Amino acid sequence: MSRTLENVACTACGCVCDDLQVTLEKDQVVAVSPPCPLAEKWFAQAQRLDVAPAYIADRPCPLPDAIHAATNILRAAQAPLIYGLSSSSTPGQRAAVALADHLRATIDTSASTCHGPSILAVQEVGESTCTLGEIRHRADLVIYWGSNPAKSQPRHMERYSLDPVGEFVPAGRAGRKLIVFDVQETPTTTRADQFVCMERGSDFDLLWTLRALVQGLPIAQEHIGGVAVTTLRQIVEQMKTCRCGVFFFGRGLTAGTNGHAHVQALLMLVRDLNAYTRFHARRMRVFGDVAGADSVLAWQTGFPFSVNLARGYPRYSPGEYSAAKLLERKEVDACVLVGSEGLNAFSAAALAELQKIPTVLIDHPQPAVPVPTTVRITTGVYGIHHAGTAYRMDEVPIPLRPLIASPWPSDAEVLGKILDNLKAVV
Ligand code: SF4
139 MSRTLENVAC TACGCVCDDL QVTLEKDQVV AVSPPCPLAE KWFAQAQRLD VAPAYIADRP
199 CPLPDAIHAA TNILRAAQAP LIYGLSSSST PGQRAAVALA DHLRATIDTS ASTCHGPSIL
259 AVQEVGESTC TLGEIRHRAD LVIYWGSNPA KSQPRHMERY SLDPVGEFVP AGRAGRKLIV
319 FDVQETPTTT RADQFVCMER GSDFDLLWTL RALVQGLPIA QEHIGGVAVT TLRQIVEQMK
379 TCRCGVFFFG RGLTAGTNGH AHVQALLMLV RDLNAYTRFH ARRMRVFGDV AGADSVLAWQ
439 TGFPFSVNLA RGYPRYSPGE YSAAKLLERK EVDACVLVGS EGLNAFSAAA LAELQKIPTV
499 LIDHPQPAVP VPTTVRITTG VYGIHHAGTA YRMDEVPIPL RPLIASPWPS DAEVLGKILD
559 NLKAVV
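So the mapping is simple: our numbering equals the position in the sequence shown, first residue as 1, plus 138.
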């Protein structure tokens, strides 16, 4: 007999859609509606039962043995690292900070390989921010820059930015204009009213030119970054005359050594535009609760990522205390991975070092483990097996409720047990 649950939240990407209908049969999710390829994969994968509760050196073992082995690894460590947290939830993130605090470890999130440059830029320039609900109800000009939501956040346009009928956008899609800046055609560019194909690496030049045009300054060149200045002039006119505009920017803007400068340029452009109309900038977060990881670290340590607690108080230094950089410099002697998101952005040197030191992976059921691990513990998924809170990409907290009984503990329970063991007298 099947049953259908309404208003279920999904944490497969930063949209954290909380309007799903999920059909269950014999405590298994068999259908998800409205359709979303990422969500369907997420719910299917979370229900894999062909994994053991725990492994030591890739051999299945009882959970208490794995927790004991993880405790011993961390008890012996001089410079441990805790990394990940973006597929976790508030309880797991809090438990990870408590463990890092006790160990005097470094704690870092997948933001350091993704939107870390954006966070630095926001700290320098400030941010004209808004919720996705405001965009849904007010935005008549939507600009994606270096982002392909049709692939990475499949319902972003449908739910928040382009298609919905809003209070002040009663015509829905017909009442909005979509411009996409990217270096190549993507599924998102095919939905755009205007696709601006730019040269790779020209983000800063283009954004600075747009700032100059907003301020009415003359431009000597005819083309900037492969785009005609007449095109940029016409886009600036649309920006200045819209009622509410928004830039959604992704990794295409933040990647590279000068990513923070690119984002600063965009945030300054948005600040300039607010002299004429209402304009916002929002990050397109990829992982389900990476915004929650930033938030929990910020409220617990004062800083959003790359935090070192070795001196007994938090020190913040992106680059110096970023997980991949620490590993490249061989400054870590044990690592706890809370989720495996972000590892594919590590350099080969960082991944090689990760394979040389003792590693504890605390993660959902995965089809393949991204790196060999000393200890691996399987945990349930917040929003499927456990209650929790996820922060949407606009930092709005969304409550998560369990849908089915969990065969696995939560990562908060596992981290809490390891911390209890470390505190116990040996
Ligand atoms: S867009 Fe993202 S959060 Fe929304 S249903 Fe799809 S995967 Fe889940």
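Yeah, the Cβ is synthetic: ideal placement off N, Cα and C, and Gly gets one too. Keep in mind the model is a prediction, meaning the values are calculated, not measured.
Run of the alpha helix (DSSP H) containing residue 296, from where it starts to where it stops:
Position 158 of the sequence shown, counting from 1, holds the residue named residue 296. Note, residue 296: premise wrong, no alpha helix (DSSP H); not H, not E.
DSSP bridge partner residues for residue 499 (one or two, in chain order):
Stepping through the sequence shown from its first residue, residue 499 is reached at position 361. Its beta-bridge partners are 475 and 514.
With distance defined between alpha-carbon atoms, name the residue in 144, 510, 538 and 529 nearest to residue 270.
Position 132 of the sequence shown, counted from the start, is the residue given in the question as residue 270. Taking only the C-alpha atoms, the option nearest residue 270 is 529.
With DSSP as the reference, identify every bridge partner of residue 160, one or two as the case may be.
Counting from 1 along the sequence shown, the entry for residue 160 is found at position 22. In the DSSP assignment, the residues bridged to residue 160 are 143 and 170.
Is any heavy atom in the ligand SF4 found nearer than 7 Å to the beta carbon of residue 252?
Indexing the sequence shown from 1 puts residue 252 at position 114. Because no heavy atom of the ligand SF4 lies under 7 Å away, the Cβ of residue 252 does not count as near it: no.
In whole angstroms, what is the alpha-carbon distance linking residue 535 and residue 359?
Indexing the sequence shown from 1 puts residue 535 at position 397. Indexing the sequence shown from 1 puts residue 359 at position 221. About 46 Å.
Indicate the three-state DSSP secondary structure (helix, strand or coil) for residue 261 in the structure shown.
Here residue 261 is taken as the residue at index 123 of the sequence shown, counted from 1. Three-state DSSP puts residue 261 in a helix.
Candidates 231, 350 and 348: which alpha carbon is nearest residue 222's?
Residue mapping note: residue 222 aligns to position 84 of the sequence shown, counting from 1. With distances taken between CA atoms, residue 222 lies nearest to 231 out of 231, 350 and 348.
What do you reckon, is the C-beta of residue 292 under 7 Å from a heavy atom of the ligand SF4?
Looking up residue 292 in the sequence shown gives position 154. Using a cutoff of 7 Å, the CB of residue 292 counts as near the ligand SF4, since one of the ligand's heavy atoms is closer than that.
Go ahead and label residue 514 buried or exposed: buried means 16 or more other beta carbons lie within 10 angstroms of its beta carbon, across all protein chains shown.
Looking up residue 514 in the sequence shown gives position 376. The residue is buried, with at least 16 neighbouring Cβ atoms inside 10 Å.
Output the boundary residues of the beta strand (DSSP E) element that contains residue 421.
As a working mapping, residue 421 is identified with position 283 in the sequence shown. In the DSSP assignment, residue 421 falls within the beta strand (DSSP E) that extends over 416-421.
Helix, strand or coil for residue 316? Go by DSSP, reduced to three states.
As a position in the sequence shown, residue 316 is number 178, starting the count at 1. Reduced to three states, the DSSP call for residue 316 is strand.
Within 7 Å: the Cβ of residue 546 and any heavy atom of the ligand SF4?
Indexing the sequence shown from 1 puts residue 546 at position 408. No; taking the cut-off as 7 Å, the Cβ of residue 546 has no heavy atom of the ligand SF4 nearer than that.
So does residue 268 have its beta carbon nearer than 7 Å to some heavy atom of the ligand SF4?
Taking the first residue of the sequence shown as 1, we reach residue 268 at position 130. No, the ligand SF4 has no heavy atom inside 7 Å of this Cβ.
Residue 397, enclosing alpha helix (DSSP H) - first and last residue:
Counted from its first residue, the sequence shown places residue 397 at position 259. Residue 397 -> alpha helix (DSSP H) spans 397-411.
Boundaries (first-last residue) of the beta strand (DSSP E) holding residue 332:
The residue labelled residue 332 in the question sits at position 194 within the sequence shown. Secondary structure note for residue 332: its beta strand (DSSP E) is the uninterrupted segment 332-335.
Would you mind working out which of 242, 469 and 333 sits nearest residue 557, comparing C-alpha positions?
On the sequence shown, residue 557 is found 419 positions in, with the first residue counted as 1. The shortest C-alpha to C-alpha distance from residue 557 to any of 242, 469 and 333 is the one to 242.
Go ahead and pull the three-state DSSP assignment for residue 565.
The requested residue 565 is not part of the displayed model; the chain covers only 139 to 564.
4 or more residues per run - each alpha helix (DSSP H) lying fully within the segment 202-278:
Uninterrupted alpha helix (DSSP H) stretches at least 4 residues long and entirely within the segment 202-278 occur at 228-241, 254-263 and 270-276, given in chain order.
Measure the beta-carbon distance from residue 140 to residue 427 and round it to whole angstroms, keeping in mind my assumption that it falls under 8 Å.
On the sequence shown, residue 140 is found 2 positions in, with the first residue counted as 1. On the sequence shown, residue 427 is found 289 positions in, with the first residue counted as 1. Residue 140 to residue 427, Cβ: 29 Å. No contact.
Sort out for me which residues DSSP pairs residue 280 with in a bridge.
Position 142 of the sequence shown, counted from the start, is the residue given in the question as residue 280. In the DSSP assignment, residue 280 forms a beta bridge with 316 and 384.
Classification of residue 218 by the beta-carbon crowding that lies within 10 angstroms, buried from 16 upward
Along the sequence shown, one-based indexing puts residue 218 at 80. With 16 or more other Cβ atoms within 10 Å, it is buried.
Assumed close pair residue 192, residue 201 - CB separation to whole angstroms, cut-off 8 Å
Numbered from 1 along the sequence shown, position 54 holds the residue referred to as residue 192. Numbered from 1 along the sequence shown, position 63 holds the residue referred to as residue 201. The C-beta distance from residue 192 to residue 201 rounds to 5 Å, short enough to meet the 8 Å contact threshold.
Please classify residue 149: does DSSP put it in a helix, a strand, or coil?
Translated into positions along the sequence shown, residue 149 becomes position 11. Three-state result, residue 149: coil.
My assumption, with CB atoms under 8 Å, is that residue 228 sits in contact with residue 527. Please give the rounded CB distance.
Locating residue 228 in the sequence shown gives position 90, where the first residue counts as 1. Locating residue 527 in the sequence shown gives position 389, where the first residue counts as 1. Yes, residue 228 and residue 527 are in contact; Cβ-Cβ is about 4 Å, under 8 Å.
Nonlocal neighbours in the same chain, by C-beta distance under 8 Å from residue 570, ignoring five residues either side
Residue coverage of the chain in this structure runs from 139 to 564, which leaves residue 570 outside it and unanswerable.
When you compare the segment 546-560 with the segment 165-184, are there three or more beta-carbon pairs, one atom per stretch, that lie closer than 8 Å?
Touching, no, given that fewer than three Cβ pairs across the two stretches are closer than 8 Å.
Where the alpha helix (DSSP H) through residue 287 begins and ends:
Counted from its first residue, the sequence shown places residue 287 at position 149. Secondary structure note for residue 287: its alpha helix (DSSP H) is the uninterrupted segment 287-290.
Residue 503 and residue 186 - do their beta-carbons sit closer together than 8 Å?
For the purposes of this step, residue 186 is taken as the residue at position 48 of the sequence shown. For the purposes of this step, residue 503 is taken as the residue at position 365 of the sequence shown. Pairing residue 186 with residue 503 gives a Cβ-Cβ distance under 8 Å.
Just curious, the beta strand (DSSP E) that residue 187 is in, first and last residue?
Here residue 187 refers to the residue found at position 49 when the sequence shown is read from its first residue. No beta strand (DSSP E) holds residue 187; DSSP gives it neither H nor E.
Using a Cβ-based criterion (distance less than 7 Å to any ligand heavy atom), does residue 528 qualify as near the ligand SF4?
In the sequence shown, counting from the first residue as 1, residue 528 sits at position 390. No, Cβ of residue 528 sits at least 7 Å from all heavy atoms of the ligand SF4.
Opening and closing residue of the beta strand (DSSP E) in which residue 197 lies:
Against the sequence shown, residue 197 aligns to sequence position 59. For residue 197, the uninterrupted beta strand (DSSP E) segment begins and ends at 197-199.
Whole-Å CB distance - residue 480 paired with residue 248, under 8 Å assumed:
Against the sequence shown, residue 480 aligns to sequence position 342. Against the sequence shown, residue 248 aligns to sequence position 110. Contact between residue 480 and residue 248 holds, since their C-beta atoms are separated by about 3 Å, short of 8 Å.
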